[in-house]
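Residues 621 to 911 (the working numbering) make up the sequence shown, in order.
Notes for the one structure printed next.
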Amino acid sequence: MEATGDKQLQGSYITQELLKELNKVGNRLLIGIPCERKEGEKRLALTPEAVDMLTDRGHRVLVESGAGLGINYSDNHYSEAGAEIVATPAEVFQADIILKILPPLPQEILLMKPRSTVFSMVQLNLFAQEAFELMMAKRITAIAYELMSDDQKRCPILNVISEIEGTASITIASELLSNTQGGKGILLGGIPGVSPTEIVIVGAGNAGTVAARAALALGASVKVFDDDINKLRTIQQVLGQGLFTSTFHPNVLHNAFRTADVVIGAMRYINTRYRYVIAEELVRTMKRGSL
């Protein structure tokens, strides 16, 4: 009997419980995603995939109808991800947390709940005094994407935006140089026997580095200017010796602008207080039809 029992045990299976992660949600958040009302602004804070992650954890997400059309997502995409589609701005701005791209407008702040929180680009140098006063009166907390940093003092969201801008600047320049767009009718890049397109990039940060990499990959002649020698050294090490780099030497900068086919401004500030602006006199020296 014992031997038979042993054989039966050897051929049997014992089930074991499946370990599954539970969605432990303490405070459920009410998140609102409104339409961006500035003409030409198509970006949106969250895709349906990101909304699905939030709703799967028990949070409520309100999306204003039509908010995702600029990024090719319909209301149906968001509703299938668990979002609640609302018809008016007044409804979406009653959320505890508002996710935007551009800074909130005064009329939007009037619709927001007291003590709510808004995530967006804040752009302090352009933020309206009226908007500041309204937010202070309602004790609204504003968290700026461009000022969010990690333990290494890096700004992850700003870095991603800069990389997108750097890549987009080259593709847009390539399109605008074509004669179908009223441009000079030249190819952004280089082919054997033809002088390469000359591109000047002002700024050796994230946007400038990505733009320079894309331009070099197309075969263009690239010159990068910055006032930070460490940034110039880094971009030279990353992209190689085929890249021309220089500080803001007046004569060198003037000559580069005079022969450039494309100039890309990828430098926001000279320091923590002053924004960098390319002088009109320098732009006037550029070739006819250049960008």
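For glycine and all other residues, C-beta sits at the position ideal for the given N, C-alpha and C.
Item, Value
"Check each candidate in R677, F845, E659 and R853 and name the one with the smallest Cα separation from L650.", "R677"
"Which residues in the same chain as M768 place their Cβ atom closer than 8 Å to its Cβ, once the five residues preceding and following it in sequence are excluded?", "C775, P776, I777 and L778"
"Three or more beta-carbon pairs under 8 Å between the segment 677-695 and the segment 705-712, yes or no?", "yes"
"Assess contact between the segment 830-842 and the segment 754-771, defined as three or more Cβ pairs (one per stretch) separated by less than 8 Å. Is contact present?", "no"
"Please state the DSSP three-state secondary structure of M621.", "Residue placement at M621 is poorly supported in this model, since its pLDDT is 46, which falls under 50; the coordinates still yield a value, given next. Coil, per DSSP."
"Find out if the Cβ-Cβ distance for the pair K911, L797 is shorter than 8 Å.", "Looking at the sequence itself, residue 911 is Leu, so the reference to Lys does not match. Cβ atoms of L911 and L797: closer than 8 Å."
"Taking contact to mean at least 3 C-beta pairs separated by less than 8 Å, is the segment 862-882 in contact with the segment 786-804?", "yes"
"What is the DSSP secondary structure of I811, reduced to helix, strand or coil?", "coil"
"Is the Cβ-Cβ distance between A780 and A762 less than 8 Å?", "Before going further, note that residue 780 is Val rather than Ala in the sequence given. No, Cβ-Cβ distance for V780 and A762 is not below 8 Å."
"Can you check which of these residues, G660, E783, V712 and H874, is closest to R904 by C-alpha distance?", "H874"
"My guess is that A715 and V742 are in contact by the Cβ rule of under 8 Å, so how many angstroms apart are they, rounded?", "With 8 Å as the limit, A715 and V742 do not qualify as a contact, their Cβ atoms being about 19 Å apart."
"Give every residue of the same chain whose Cβ lies closer than 7 Å to the Cβ of R833, excluding the five residues on either side of it in the sequence, and list them in chain order.", "L859"
"What span of residues does the beta strand (DSSP E) with V963 cover, start to end?", "The structure shown does not extend to residue 963, since the chain spans only 621 to 911, so no value can be given for it."
"Nearest to G805 by CA position, among G660, E728 and T817, is which residue?", "T817"
"Here's the rule I'm using: 16 or more other beta-carbon atoms within 10 Å means buried, otherwise exposed. How should P870 be labelled?", "exposed"
"DSSP three-state label for A764, please.", "strand"
"Check each candidate in N799, N826 and K658 and name the one with the smallest Cα separation from A788.", "N826"
"Kindly indicate the opening and closing residues of the alpha helix (DSSP H) around L754.", "Q749 to K758"
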